[in-house]
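S.K.: Mind having a look at this structure? Questions to follow.
There are 4 protein chains.
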Amino acid sequence: MQAHDLVYHTLRATFSNERHLSIPFKEYTVIKVGIVGGTGYTGVELLRLLAQHPEVDVDVITSRSEAGLSVCNLYPNLRGHYDRLTFSEPDPARLGECDAVFFATPHGVAHALAGELLERGTRVIDLSADFRIADADEWSRWYGQPHGAPQLLDQAVYGLPEVNRQRIRGARLIAVPGCYPTAVQLGLLPLLEQGLIDIDRIIADCKTGVTGAGRGAKVGSLLAEAGESMKAYATSGHRHLPEIRQGLVHAAGAPVGLTFVPHLTPMIRGIHATLYGRLTGNADDLQALFEERYADEPAVDVMPPGSHPETRSVKGSNLCRLAVHRPADGDTVVVLSVIDNLVKGASGQALQNLNLMFGFPEMTGMQAPALLP
Amino acid sequence: MQAHDLVYHTLRATFSNERHLSIPFKEYTVIKVGIVGGTGYTGVELLRLLAQHPEVDVDVITSRSEAGLSVCNLYPNLRGHYDRLTFSEPDPARLGECDAVFFATPHGVAHALAGELLERGTRVIDLSADFRIADADEWSRWYGQPHGAPQLLDQAVYGLPEVNRQRIRGARLIAVPGCYPTAVQLGLLPLLEQGLIDIDRIIADCKTGVTGAGRGAKVGSLLAEAGESMKAYATSGHRHLPEIRQGLVHAAGAPVGLTFVPHLTPMIRGIHATLYGRLTGNADDLQALFEERYADEPAVDVMPPGSHPETRSVKGSNLCRLAVHRPADGDTVVVLSVIDNLVKGASGQALQNLNLMFGFPEMTGMQAPALLP
Amino acid sequence: MQAHDLVYHTLRATFSNERHLSIPFKEYTVIKVGIVGGTGYTGVELLRLLAQHPEVDVDVITSRSEAGLSVCNLYPNLRGHYDRLTFSEPDPARLGECDAVFFATPHGVAHALAGELLERGTRVIDLSADFRIADADEWSRWYGQPHGAPQLLDQAVYGLPEVNRQRIRGARLIAVPGCYPTAVQLGLLPLLEQGLIDIDRIIADCKTGVTGAGRGAKVGSLLAEAGESMKAYATSGHRHLPEIRQGLVHAAGAPVGLTFVPHLTPMIRGIHATLYGRLTGNADDLQALFEERYADEPAVDVMPPGSHPETRSVKGSNLCRLAVHRPADGDTVVVLSVIDNLVKGASGQALQNLNLMFGFPEMTGMQAPALLP
Amino acid sequence: MQAHDLVYHTLRATFSNERHLSIPFKEYTVIKVGIVGGTGYTGVELLRLLAQHPEVDVDVITSRSEAGLSVCNLYPNLRGHYDRLTFSEPDPARLGECDAVFFATPHGVAHALAGELLERGTRVIDLSADFRIADADEWSRWYGQPHGAPQLLDQAVYGLPEVNRQRIRGARLIAVPGCYPTAVQLGLLPLLEQGLIDIDRIIADCKTGVTGAGRGAKVGSLLAEAGESMKAYATSGHRHLPEIRQGLVHAAGAPVGLTFVPHLTPMIRGIHATLYGRLTGNADDLQALFEERYADEPAVDVMPPGSHPETRSVKGSNLCRLAVHRPADGDTVVVLSVIDNLVKGASGQALQNLNLMFGFPEMTGMQAPALLP
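Taken in order, these protein sequences are the chains called A, G, H and E.
When you line the first sequence up against the working numbering, it's residues 1 to 373, in that order.
When you line the second sequence up against the working numbering, it's residues 1001 to 1373, in that order.
When you line the third sequence up against the working numbering, it's residues 2001 to 2373, in that order.
When you line the fourth sequence up against the working numbering, it's residues 3001 to 3373, in that order.
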């Protein structure tokens, strides 16, 4: 294999075969990015997406455990794309030379490092939970440790473009939403913003693939344990609950009552959120409501009436596919929301944020259709 | 979702983050292609790859059973990419207006249509078995029916770029190799071309994912039947056997004795070929032999010594990853060869052929890393 | 393999290793049973369970499509157990010589045959939906055809032993509950019987493995389609909805409002029902409520507080495992209910009914632990 | 759930519904067994099988890591079967009160404990590799540590009933064969014993489910890593290689040349061995050869000519299913051999040995058909 064969300058690239616009040539400046904690699934997924991004160079990727190892040794699918990239010990000085740094780390790491990078002028895009909860005390209750950087919370922007696009464009610190929170919020926003459902009694029954549990070697994530089986978990309270609730409260403008039950599903990627609400407002055309709400959103696809989106229809892609149902024309609305937990639920959304922050077209690097079958 | 958000003209696209060559801008002419029999897995995979190809428009896609249906209805992963494309009845006149037509059909269909298209000046890239076997009688024996277009065999080029690149460039009719034949031939070519193994006794133990059986509704392909199980099949003689043998004979320049046992594996995509031969020639540096043989090949990746390539390392990508072993330094060589049966084993290889025929860089549309995990 | 090696008369057999009761020897009379429609998954599962039942001989098994074929040819796992059993054309006279006949057929077949068998004195245990709905008009609405045997509805007993044990003992015609209805009813009965939840607003979010769709060759059940993906289906109204509602109404003694959303899960066996209700009554000790309700039930296992039952914990066994949760001590109760859809959700429950009808210990043939992992 | 409902004394139990022999009642003495290292997959599988064995009580089960935990907490499928059984620290005195002790431990543990138990009169059935290799030096080379109990090797019997049944009956120390060695030896024995193949060049291409790697928390065994992929491993030399070779040498009466390549398959249970040999002797009726060799073997099932056994056909059962092929009537023989790696490849074979040692019918506890689908 020749590496340079993969270096192909697509001069008239388009990712639709339906229109070929003529636009003026412009020389973008390639930006340099770093990734802290690159050995996990969100790390490798960032690398996969960035390999298709023409304006971004991955300059540094860190891992304490794998320092010195070539990324292609750990992830052979990247051979030919990152042949010179090697995991290194995290070094704030070197990271600080990047235009932007992604944190693909367990919680707590971005607390410790983000401040210094921001001072050096580097933008920070944090895929962990460190800056998702606006209230530091609430964060501490759910994560069982003091908040490590409460002074940064003011400037942290919750990176859900469908809600915060303008703030993201000007942000220096992004809290990338969690996977469940993305799927649930996108499914409920139109209803909450219009005040159409009883906000005291919302149910989110969510199903995730096993990559949601990360790449850690846990018995419960073994193929022999998680395969051919289905189970709920964390019914008494999952860490994504306060994040989801915060987003719903923001949309509704009032406290909400939410029951959130996540389930582990025997598949690798994908989240399916099934959302239930009691209709209280005018629900004459829920389909139109959803279509209008997301008409201009590049990462949300409202399916035709009667659809049942499959998680595989978004596998590898930065899309949320939605369908809205009202069984037997009753007063219960059911929203079906699917994402790829590693893309729109993590690395893709992180890249969508970066694209917004640096003025690239929002879906750059993520135009390919989902891999199906 | 806005369709035009997916229309992004990548002006400085590069798919490696390691080098940014400066090359002159050139206006390619977009070509028009058709797909006959587009409802199966090789059809949808062609559409997925072509959506990432900047120089190709899919003008027509045919299906007798689904005529009138939008392709995005059948394959929701394509929403936003082919919103105006609808399956139509096969019409030679309309197909004949395309620069090239892919056949993603059961055997026999290309026999019936290819001649007329060739006469109209359309290039034909046949993913079926119709033109793979040079000997029409041999073809008839294995397919149980008369060969429908023996007069075209002379101009049919076997589309394995690693063997026939120059002939492919000038070809008008391509027989895209089968999935097993691709994995097996690429694994054995270096050994056969150098006369290093006993050609009377070659063993190819091959494992395929279930998409190898197509999208037909067969009981044996149900998740409840093929899941959580492994079995061999067609031990007495699989239709890919004569095709593989033909390729090996060509490489060896002599008759070969081949035992080929395919196995059905509980996964969706991927072929793993495990190849066994008895070393008879100088086998001092098999690793170097393989690396040199494929040094200039963009679609073949020789892994480092001691590697065990996983099928998932090529999932969705047009690569064959190879490793060569000599257990206990004995006289048996073991080659491990993995491909994605739908990409390098079918649609990707078909597109690689089209790229060669029309002068596009050979891997255009297929530069993305494999989807892993 | 010697067939007679598998014929082992377990003279002191016990299926717990904890106690060895001394009970008097008694000569049971072996009964003869027939199976109509034995080629599907509920048919082969009946055969698997009956092979472990010491008091039952399978005398006849019918299949129009496979008449003449040995059952062991179709299901090699049965080799050594049913070497002389062959599918035959359905023949009421021959079936009428059986003590009991199972119908493992699509709807409509039992309508046509049950009456004649009952007249011949044969008990009928129908695994299809034919006699589950007490109201023939309601049945017709959901199944799109006239009810074929309304005159038999009076004597049909709904075969949920946890509700109807005494009636089952004396029944001649059993309607074996559906898979979803079993999981949902067992999870909700204690709450409804005690009037503890708001019956206007019950939500049943259910996940099934693909065997729920049967052994028919459907594209949607292919491993390549249903694998590695999750989707809801039939949100507008599944045929199990009226059956579930009928059971809940019976338990509550009043109309209920039920939202039922089934999901297809990438696994072979298993149903996970996640049930949501709003607590209105005294819910001080839901755990005790469930434990007491099912204290004497051999096929229901109430898990300890805080449990999350996995579907694999009942794979191959005739158990429903339940856990009851009250997140954040709020007013929402969440019940998790898992069964093997082919056992407690079909063939096992059918056998449980037969055991009750013929005076065998209720779990005979189904004492083995679930297969885990 | 009532535990005593699961205590059912099957007085006329038979596991075939085809014959009901009349045999005299006999009061067996229930034996007491212990399990050392019961938390792994072979441990829980032993418990599953022993729950169906009427003559065996599990008296003690040890685990250093889980001491004090109820086995049903770790393995909920066992609830109702072992409600009083708790993991305890290994205690030779207590284990020495058992009639037999199974070791389901990593290598080295049985070396340390077996001697003391044998002195106390307890029979030892070792599922680990500690006593499989007759040559202590060979063992040390492959396991990288000194052999811990070479003085016991003389009395250790290799527990493959199809070869050593008489010696097993009188044995005090059993080395239960490995999973790959069982599948490979059973597939090759008829050919080697009759001298029909070239013993210098035998190929065993083997595919295993992930439980073969045990229940340890390893990244490579995660569903997200091992799912939807296939790979070879240990091509340079797997620890089962010397064990297989030893068995083949014993059968052939001469040194053999063996190439053994194991593969990791995305399924939970099952081994599929595909075996290749060059025919040198009279191979007129290979089918008859296999049928005759295994005519009296309760755990080996020779399939009809042309068969392709599936691993699922033996899931949960103590059977090896074999098919023998001679493609194109050439001089290559292909044997297909499937087992459940946790049953005939481990715990079931261990129990088969115990049954032989204590005079129980050989398949006691393992008469149920495989779980299919």
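By construction, the Cβ of each residue, glycine as well, lies at the ideal position given by its N, Cα and C atoms.
May I ask you to verify whether the region 3224 to 3240 of chain E touches the region 1283 to 1303 of chain G, counting CB pairs closer than 8 Å and requiring at least 3?
M.R.: no
S.K.: From Leu-1192 (chain G) to Arg-79 (chain A), what distance separates their C-alpha atoms?
M.R.: If you number the second sequence from 1, residue 1192 (chain G) lands on position 192. If you number the first sequence from 1, residue 79 (chain A) lands on position 79. Going from the Cα of Leu-1192 (chain G) to the Cα of Arg-79 (chain A) covers about 27 Å.
S.K.: Could you pull out every residue in the same chain whose Cβ sits closer than 6 Å to the Cβ of Pro-1150 (chain G), ignoring the five residues on either side in sequence?
M.R.: Within the second sequence, the letter at position 150 stands for residue 1150 (chain G). These residues qualify, in order along the chain: Ala-1136.
S.K.: In whole angstroms, what separates the C-alpha of Ser-1236 (chain G) from that of Gly-1247 (chain G)?
M.R.: Along the second sequence, read from residue 1 onward, the residue named residue 1236 (chain G) stands at position 236. Along the second sequence, read from residue 1 onward, the residue named residue 1247 (chain G) stands at position 247. Straight-line Cα distance between these residues: approximately 20 Å.
S.K.: Would the C-beta of Thr-3208 (chain E) count as close to the ligand NAP, meaning under 6 Å from any of its heavy atoms?
M.R.: No copy of the ligand NAP appears in this structure; indeed no ligand is present at all.
S.K.: Along chain E, in chain order, which residues have C-beta atoms closer than 8 Å to that of Ala-2217 (chain H)?
M.R.: To locate residue 2217 (chain H), count along the third sequence from 1; it is residue 217. Result: empty, since nearest Cβ-Cβ is about 14 Å, beyond 8 Å.
S.K.: Against Pro-1266 (chain G), what residues of chain A qualify as contacts under a CB-to-CB distance less than 9 Å, listed in chain order?
M.R.: Translated into positions along the second sequence, residue 1266 (chain G) becomes position 266. Near Pro-1266 (chain G) there are no residues of chain A at all, since even the closest Cβ is about 10 Å away, more than 9 Å.
S.K.: Under the rule that 16 or more other beta-carbon atoms within 10 Å means buried, what is Asn-1282 (chain G), buried or exposed?
M.R.: For the purposes of this step, residue 1282 (chain G) is taken as the residue at position 282 of the second sequence. Looking at its Cβ environment, which holds fewer than 16 other Cβ atoms inside 10 Å, Asn-1282 (chain G) is exposed.
S.K.: Is any beta-carbon of chain B found at less than 7 Å from that of Ser-1221 (chain G)?
M.R.: No chain B is part of this structure, whose protein chains are labelled A, G, H and E.
S.K.: For Gly-3178 (chain E), which of E:Thr-3311, E:Arg-3169, E:Thr-3208 has the nearest alpha-carbon?
M.R.: For this step, residue 3178 (chain E) is matched to residue 178 along the fourth sequence. The shortest C-alpha separation from Gly-3178 (chain E) is found at E:Thr-3208.
S.K.: Just mark Ser-961 (chain G) as buried or exposed, buried being the case when its beta carbon has 16 or more other beta carbons within 10 Å.
M.R.: Chain G is shown from 1001 up to 1373; residue 961 (chain G) falls before or after that span and cannot be answered.
S.K.: Indicate whether at least one CB of chain E lies closer than 7 Å to the CB of Gly-40 (chain A).
M.R.: Working through the first sequence from its first residue, we reach residue 40 (chain A) at position 40. Closer than 7 Å: no.
S.K.: Taking 7 Å as the threshold (beta carbon to beta carbon), is Ala-204 (chain A) in contact with chain E?
M.R.: Taking the first sequence and counting its residues from 1, one reaches residue 204 (chain A) at position 204. Not closer than 7 Å to any Cβ of chain E, the Cβ of Ala-204 (chain A) fails to qualify, so no.
S.K.: Would a check of beta-carbon distances place Ser-2229 (chain H) closer than 7 Å to chain A?
M.R.: Start at 1 with the first residue of the third sequence, and residue 2229 (chain H) comes out as number 229. Proximity of Ser-2229 (chain H) to chain A, defined by a Cβ-Cβ separation below 7 Å, is satisfied.
S.K.: Taking only the alpha-carbon atoms, compute the straight-line gap between Leu-50 (chain A) and Val-2314 (chain H) and give it to the nearest angstrom.
M.R.: Start at 1 with the first residue of the first sequence, and residue 50 (chain A) comes out as number 50. Start at 1 with the first residue of the third sequence, and residue 2314 (chain H) comes out as number 314. Looking at the two C-alpha atoms, the distance is approximately 44 Å.
S.K.: Taking the DSSP output, what are the residues bridged to Ser-63 (chain A)?
M.R.: As a position in the first sequence, residue 63 (chain A) is number 63, starting the count at 1. Paired residues: none, contrary to the question.
S.K.: Would you call Gly-2253 (chain H) buried or exposed, if buried means 16 or more other Cβ atoms sit within 10 Å of its Cβ?
M.R.: Indexing the third sequence from 1 puts residue 2253 (chain H) at position 253. Classification for Gly-2253 (chain H): exposed.
S.K.: Under a three-way DSSP split, which group does Gly-1043 (chain G) fall into?
M.R.: Counted from its first residue, the second sequence places residue 1043 (chain G) at position 43. In the structure shown, Gly-1043 (chain G) sits in a helix (DSSP, three-state: H, G or I).
S.K.: For Pro-2373 (chain H), count neighbouring C-beta atoms within 10 Å of its own C-beta (all shown protein chains included) and say buried if the count is 16 or more, exposed if not.
M.R.: As a working mapping, residue 2373 (chain H) is identified with position 373 in the third sequence. Of the other Cβ atoms in all chains shown, 16 or more fall within 10 Å of the Cβ of Pro-2373 (chain H); this residue is therefore buried.
S.K.: Quick check on Asp-3091 (chain E): buried or exposed, where buried means 16 or more other Cβ atoms within 10 Å of its Cβ?
M.R.: In the fourth sequence, counting from the first residue as 1, residue 3091 (chain E) sits at position 91. By the Cβ-count criterion, Asp-3091 (chain E) is exposed, with fewer than 16 other Cβ atoms from all chains shown falling within 10 Å of its own Cβ.
S.K.: Indicate whether at least one CB of chain E lies closer than 7 Å to the CB of Ala-364 (chain A).
M.R.: As a working note, residue 364 (chain A) is residue 364 in the first sequence. Reading off the sequence shown, one finds Thr at residue 364 (chain A), where the question assumed Ala. No, Thr-364 (chain A) does not count as interfacial toward chain E.
S.K.: Please list, in chain order, the residues of the region 1135 to 1148 of chain G that have any C-beta partner in chain A closer than 7 Å.
M.R.: none
S.K.: Three-state secondary structure (DSSP) at Ala-3213 (chain E)?
M.R.: For this step, residue 3213 (chain E) is matched to residue 213 along the fourth sequence. The answer is helix: DSSP assigns Ala-3213 (chain E) an H, G or I state.
S.K.: Leaving aside the five residues before and after His-147 (chain A) along the sequence, list all residues of the same chain whose C-beta is less than 6 Å from its C-beta, in chain order.
M.R.: Counted from its first residue, the first sequence places residue 147 (chain A) at position 147. Taken in chain order, the residues that qualify are Ala-136, Trp-139, Ser-140.
S.K.: If you run the structure through DSSP and keep just helix, strand and coil, what is Leu-2186 (chain H)?
M.R.: Along the third sequence, read from residue 1 onward, the residue named residue 2186 (chain H) stands at position 186. The answer is helix: DSSP assigns Leu-2186 (chain H) an H, G or I state.
S.K.: Is Asp-3250 (chain E) helix, strand or coil by DSSP?
M.R.: Here residue 3250 (chain E) refers to the residue found at position 250 of the fourth sequence. Here residue 3250 (chain E) turns out to be His, not Asp, going by the sequence shown. In this structure, His-3250 (chain E) counts as helix in the three-state DSSP scheme.
S.K.: Could you tell me whether the Cβ atoms of His-53 (chain A) and Pro-1369 (chain G) are closer together than 7 Å?
M.R.: To locate residue 53 (chain A), count along the first sequence from 1; it is residue 53. To locate residue 1369 (chain G), count along the second sequence from 1; it is residue 369. Contact: no.
S.K.: Give every residue of the same chain whose Cβ lies closer than 8 Å to the Cβ of Cys-3206 (chain E), excluding the five residues on either side of it in the sequence, and list them in chain order.
M.R.: Counting from 1 along the fourth sequence, the entry for residue 3206 (chain E) is found at position 206. Answer for Cys-3206 (chain E): Tyr-3180, Ala-3183, Val-3184, Phe-3260, Val-3261, Pro-3262, His-3263, Ile-3271, His-3272, Ala-3273, Thr-3274, listed in chain order.
S.K.: Going along the region 298 to 312 of chain A in order, which residues come within less than 9 Å of chain G, judged by CB to CB distance?
M.R.: So the list reads Pro-298, Ala-299, Val-300, Asp-301, Val-302, Met-303, Pro-304, Ser-307, Pro-309, Glu-310, Arg-312, given in the order they occur along the chain.
S.K.: Just the chain A side, please: which residues come within less than 7 Å of Tyr-1075 (chain G) by C-beta, in chain order?
M.R.: As a first step, residue 1075 (chain G) is located in the second sequence; it is residue number 75 there, counting from the start. Residues of chain A passing the Cβ test: Leu-372.
S.K.: Keeping to the same chain, check which residues put their C-beta closer than 6 Å to that of Ser-3070 (chain E); ignore five residues upstream and five downstream.
M.R.: Within the fourth sequence, the letter at position 70 stands for residue 3070 (chain E). Result list for Ser-3070 (chain E): Thr-3086, in chain order.
S.K.: Using 7 Å as the threshold, is the C-beta distance between Gln-352 (chain A) and Pro-161 (chain A) below it?
M.R.: Residue mapping note: residue 352 (chain A) aligns to position 352 of the first sequence, counting from 1. Residue mapping note: residue 161 (chain A) aligns to position 161 of the first sequence, counting from 1. Yes, the Cβ-Cβ distance between Gln-352 (chain A) and Pro-161 (chain A) is below 7 Å.
S.K.: Kindly identify the DSSP beta-bridge partner or partners of Phe-3103 (chain E).
M.R.: As a first step, residue 3103 (chain E) is located in the fourth sequence; it is residue number 103 there, counting from the start. Paired residues: E:Val-3036, E:Asp-3126.
S.K.: Suppose the cutoff is 6 Å on Cβ atoms and the five residues either side in sequence are ignored; what does the same chain contact list for Glu-3089 (chain E) look like?
M.R.: Taking the fourth sequence and counting its residues from 1, one reaches residue 3089 (chain E) at position 89. Closer than 6 Å at the Cβ level, and outside the excluded window around Glu-3089 (chain E), lie Ala-3067.
S.K.: Pull up the distance between the alpha-carbon of Thr-1364 (chain G) and that of Tyr-1041 (chain G), whole angstroms please.
M.R.: As a working mapping, residue 1364 (chain G) is identified with position 364 in the second sequence. As a working mapping, residue 1041 (chain G) is identified with position 41 in the second sequence. In a straight line, the C-alpha of Thr-1364 (chain G) is about 20 Å away from that of Tyr-1041 (chain G).
S.K.: What residues in its chain sit with their C-beta under 8 Å from that of Met-2267 (chain H), if we drop five residues either side in the sequence?
M.R.: Your numbering for residue 2267 (chain H) matches position 267 in the third sequence. Apart from the 5 residues on each side of it in sequence, Met-2267 (chain H) sits with its Cβ closer than 8 Å to the Cβ of Gly-2209, Val-2210, Thr-2311 in its chain, given in chain order.
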